[in-house]
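Chemist: Got a structure here, written out as structure tokens. Questions coming.
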Amino acid sequence: NLKGYAGFKKETIYKNYELLRPLIHTTKKEILEYNLQNNIEYRNDQSNEEKRYTRNRIRKNILPLLKNENRKVHRKFLKFSEELYSIENFLENMTKNALTQVYNSDKVNLQEFKKLDPLLKKRIIEWILMQTYQNEIDCITNKHLQNILDLCTSTKPNQWISLPKGKIARKNYNYLYIEEKNHSVPYHMILENSVKINEQEAILKVEECPIKKSNYILRINSKEIKLPLHIRNRKEKDKMEVKNLHGSKKVKDIFVNEKIPLNKRNTWPIVVDDEDTLLWIPGVKKSQFDKNIDEEYDIIYKYVISEEKLDEYDE
């Protein structure tokens, strides 16, 4: 980036201290002459003589050639550096303003992101990667950056790409996330009374419920199914006889139609009976076994989730 091309600054804020380079405008020749005139002892770093370092080859072989053309060429480099930092400061302010428009709660709003200039898009992704990787940012290459930018413009609603250090960039419809790769673990629970699935989800058995229609409520007749009920995550070929559909539908297709985020599909709870017949995808769809409030039933379950998870689902 421009900071890299610009090189050293005279003053740099680094973490919790300020780094000053008061001699950045002074040549080595001037320093040596000053030392000689004032009888100041100094030490040489022997590594400065080793040709295996790029900086030394540039200093000893290339810079003298440039100075033959213009003995003050180093001043031009300093001026160029200052110009680059001036441009970088301007772009940094623009990037911060753009971030407030497109980035919130660890996600990028792709609808707003697409309106930005390509340079600002690139800088916003760079900024997010810097925040994510910090001291490990060296593992990110230009290829990773371009892959993320391509992901942002992809026409596929759900897609993800791998990143170093066990992270992924994930597009979920109108949002982009950079997060830890989710390794879903199969789970299975018996559902009799109430079950806490995790810190954000639970299925409760209730005596009565005035709500007539909701995918968060399941009413069933125990005579039509095989008890006990079970809660598990989905299997590859799961199908459900969807209520009012008069036919079966793959759970995978239900998730796609209902825009369930790709990274949540493998952990979403599925309620089945003891013969593994699908009865309910809580919060999403119900099967033909669900009863209307005016029909005969003897079991009622309610799906309860936190506001935080509800917000995720609404997105």
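Under my numbering, the residues of the sequence shown are numbered 5 to 319, in order. In this text, a Cβ means the ideal position worked out from N, Cα and C, and glycines have one as well.
(1) Since I believe A102 is in contact with L124 (beta carbons under 8 Å), could you give me their beta-carbon distance rounded to a whole number of angstroms?
(2) Locate the alpha helix (DSSP H) running through L155, then write down its first and last residues.
(3) Name the DSSP beta bridge partners of L231, please?
(4) Comparing C-alpha positions only, which one of V106, E34, K13 and T145 sits nearest to E87?
(5) Just curious, the alpha helix (DSSP H) that V255 is in, first and last residue?
(6) Hey, would you say K230 sits closer than 8 Å to D277, going by beta carbons?
(7) Over what stretch of residues does the alpha helix (DSSP H) that includes E34 continue unbroken?
(8) Between which two residues does the alpha helix (DSSP H) harbouring W131 extend?
(9) Check L79 in the structure and name its three-state DSSP category.
(10) Shorter than 8 Å from the beta carbon of L95 to some beta carbon of chain B?
(11) Should G287 be labelled buried (16 or more other beta-carbon atoms within 10 Å of its own) or exposed?
(12) From which residue to which residue does the alpha helix (DSSP H) around R61 run?
(13) Helix, strand or coil, according to DSSP, for E319 in the structure here?
(14) Secondary structure at Q105, three-state DSSP: helix, strand or coil?
(15) Identify whether K7 lies in helix, strand or coil by the three-state DSSP scheme.
(16) Please return the same chain residues whose Cβ sits closer than 7 Å to the Cβ of M98, not counting the five positions on each side in sequence.
(17) Can you look up Y307 in the DSSP assignment and give me helix, strand or coil?
(18) Taking the alpha helix (DSSP H) that K268 falls in, what are its first and last residues?
(19) May I ask which residues mark the beginning and end of the alpha helix (DSSP H) holding Q115?
(20) Output the distance between the C-alpha atoms of Y21 and E15, rounded to the nearest integer angstrom.
(21) How big is the Cα-Cα spacing for E184 and I165?
(22) Using the Cα positions of E319 and R79, report the straight-line distance between them to the nearest angstrom.
(23) Do K126 and L155 have their C-beta atoms within less than 8 Å of each other?
Modeler: This is what the structure holds:
(1) 5 Å
(2) N146 to T157
(3) DSSP, once it has assigned bridges, lists no residue as partnering L231.
(4) K13
(5) V255 to N261
(6) yes
(7) K32 to N42
(8) P122 to Y137
(9) Inspection of the sequence shows that residue 79 is occupied by Arg rather than by Leu. Helix.
(10) No chain B appears in the structure shown, which is made up of a single protein chain.
(11) buried
(12) T58 to R61
(13) For E319, the predicted structure reports a pLDDT of 47, less than 50, and the residue's modelled location is therefore unreliable. A value from the coordinates is still provided. DSSP places E319 in coil when its eight states are reduced to three.
(14) helix
(15) helix
(16) L124
(17) strand
(18) No alpha helix (DSSP H) holds K268; DSSP gives it neither H nor E.
(19) L114 to F117
(20) 11 Å
(21) 12 Å
(22) Unreliable positioning characterises E319 in this predicted model, as indicated by a pLDDT of 47, which lies under 50. The coordinate reading is nonetheless provided below. Answer to the nearest angstrom: the Cα atoms are 54 Å apart.
(23) no
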